[in-house]
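This report refers to the structure that appears directly beneath it.
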Amino acid sequence: MKKIILLIFLLNCGIGFSQNEFPSGQKNETFSSYDKDWEFFELDEPIEVRILMHLPSSGLCGYLAFASVSIVQTKDEKIFRILDLCNTKDIPENKIVKIIPAKKPEFSVLLPARTFINQKTGKVEQFELDKKTLKTTYGQIKTK
Numbered sequence: 014m015k016k017i018i019l020l021i022f023l024l025n026c027g028i029g030f031s032q033n034e035f036p037s038g039q040k041n042e043t044f045s046s047y048d049k050d051w052e053f054f055e056l057d058e059p060i061e062v063r064i065l066m067h068l069p070s071s072g073l074c075g076y077l078a079f080a081s082v083s084i085v086q087t088k089d090e091k092i093f094r095i096l097d098l099c100n101t102k103d104i105p106e107n108k109i110v111k112i113i114p115a116k117k118p119e120f121s122v123l124l125p126a127r128t129f130i131n132q133k134t135g136k137v138e139q140f141e142l143d144k145k146t147l148k149t150t151y152g153q154i155k156t157k
């Protein structure tokens with residue numbers, strides 16, 4: 014019985030994640046439609062940064078992997094994106110945190126997204142900062 018419930022849950026998740034059209038016919042952008050343009054790199058060592066924007070992971074990791082998305086700035090004003098697996102914490106803007114380097118996983122990771130309805134076009138769109146091609150790395154965010 015547990016296997017049947019799990020199978021139904023996974024099928025529902027697959028259907029939900031694969032749908033990108035709203036009832037009105039509007040297309041919704043997803044991270045997968047532009048994260049191919051992100052410039053991935055690996056941190057060499059831990060680094061202190063200031064949080065400019067943070068979206069917590071939309072779920073804990075289990076059968077699916079989720080990550081938070083943060084835009085950060087270094088002391089020398091370099092800006093990049095951090096993906097932190099299973100991080101559901103809320104982290105306020107301007108908080109100074111330490112980033113511990115992590116390897117990019119070899120499996121798919123689901124990312125949170127912010128959307129809004131563009132008043133000019135009537136379409137659901139992603140925030141520009143979320144779409145922007147930034148250097149991106151995986152890391153663990155350690156708050157003080």
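All residue numbers for the sequence shown refer to this note's numbering, where the first residue is 14 and numbers rise by one.
For glycine and all other residues, C-beta sits at the position ideal for the given N, C-alpha and C.
task = Kindly indicate which three-state DSSP category residue 96 falls into: helix, strand or coil?
result = strand
query = Run through DSSP, which three-state label would residue 75 get?
reply = coil
request  = Can you tell me which of the three DSSP states residue 53 falls into?
outcome  = strand
Per-residue burial, residue 107 [other beta carbons within 10 Å of its own, 16 or more giving buried] = exposed
query = residue 54: which of 98, 102, 94 sits nearest, CA to CA?
reply = 94
key: Beta-carbon spacing of residue 129, residue 138 below 8 Å   = yes
ask   = Is the CB-CB distance between residue 112 and residue 60 below 8 Å?
value = yes
Own chain, CB closer than 8 Å to residue 78, minus 5 neighbours either side, in chain order = Cβ within range, chain order: 98, 99, 118, 120, 121, 122, 123.
message = To the nearest angstrom, how far is the alpha carbon of residue 104 from that of residue 84?
response = 11 Å
ask   = Any idea if residue 96 is buried or exposed, counting beta-carbon neighbours within 10 angstroms, 16 or more meaning buried?
value = buried
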